[in-house]
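Enquirer: Residue numbers (our numbering): 2 to 124. First, the structure itself, so that you have it in front of you.
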Ligand SMILES: [Zn+2]
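If you want it as structure tokens, here you go:
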């Protein structure tokens, strides 16, 4: 599965979720259709939890259309932490980090090995 882009509406929604969760983190799964990220799936019990990454792993659906994950960094750092890099490979291949102050450019995508990855915003 190659992800080429993300729906603009989805990106706006993710940034809004970041704002609403602030100062807590939120974490969710991202689904794709035809190589475009187009849906966010919140998993019960994961919002604003300190160890949401491990909890999310336990609740991962068996679903080939899961592209990866999204989570927020309330400190505004748009880079994966060491913990992020160890959890990325368990939840898919593409991972979004959105950061304070959650403006439309305050996000990055990374592949499961923690390397930056370009995504086109579509729609
Ligand atoms: Zn993180």
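Built from N, CA and C at the ideal position, the CB exists for glycine as well. Predicted, not measured: the structure shown is a model, and the values here were computed from it.
Within a Cβ cutoff of 8 Å, which residues of the same chain sit near residue 115, ignoring the five residues on either side of it in sequence?
Expert: Here residue 115 corresponds to residue number 114 of the chain shown, with the count starting at 1. So the list reads 81, 85, 86, 89, once near-sequence residues are dropped.
Enquirer: Say yes only if the C-beta of residue 1 is nearer than 7 Å to one or more non-hydrogen atoms of ligand 1, and no if none qualify.
Expert: Here the chain has residues from 2 to 124 only, and residue 1 is not among them.
Enquirer: Excluding the 5 residues preceding and the 5 following residue 37 in the sequence, name in chain order all residues of the same chain whose CB lies nearer than 8 Å to its CB.
Expert: Counting from 1 along the chain shown, the entry for residue 37 is found at position 36. The answer, listed in chain order, is 4, 5, 6, 7, 8, 123.
Enquirer: Cβ of residue 31 within 7 Å of any heavy atom in ligand 1?
Expert: If you number the chain shown from 1, residue 31 lands on position 30. For ligand 1, not one heavy atom lies less than 7 Å from the Cβ of residue 31.
Enquirer: List the whole-angstrom C-beta distance separating residue 41 from residue 79, where the pair is believed to meet the contact cut-off of C-beta under 8 Å.
Expert: Numbered from its first residue, the chain shown carries residue 41 at position 40. Numbered from its first residue, the chain shown carries residue 79 at position 78. Actually they are not in contact, since the Cβ atoms of residue 41 and residue 79 sit about 18 Å apart, beyond 8 Å.
Enquirer: In angstroms, rounded to a whole number, what distance separates the CA positions of residue 111 and residue 24?
Expert: Here residue 111 refers to the residue found at position 110 when the chain shown is read from its first residue. Here residue 24 refers to the residue found at position 23 when the chain shown is read from its first residue. About 22 Å.
Enquirer: Is residue 39 buried or exposed, if buried means 16 or more other CB atoms sit within 10 Å of its CB?
Expert: Translated into positions along the chain shown, residue 39 becomes position 38. That one is buried.
Enquirer: Measuring CB to CB, does residue 99 end up less than 8 Å from residue 70?
Expert: Working through the chain shown from its first residue, we reach residue 99 at position 98. Working through the chain shown from its first residue, we reach residue 70 at position 69. Taking 8 Å as the Cβ cut-off, residue 99 and residue 70 do not qualify as a contacting pair.
Enquirer: Could you give the distance in angstroms between the alpha-carbon of residue 105 and the alpha-carbon of residue 10?
Expert: The count along the chain shown starts at 1 and reaches residue 105 at position 104. The count along the chain shown starts at 1 and reaches residue 10 at position 9. Near 11 Å, if we compare the C-alpha coordinates of residue 10 and residue 105.
Enquirer: Which residues share a DSSP beta bridge with residue 29?
Expert: Against the chain shown, residue 29 aligns to sequence position 28. Its beta-bridge partners are 71.
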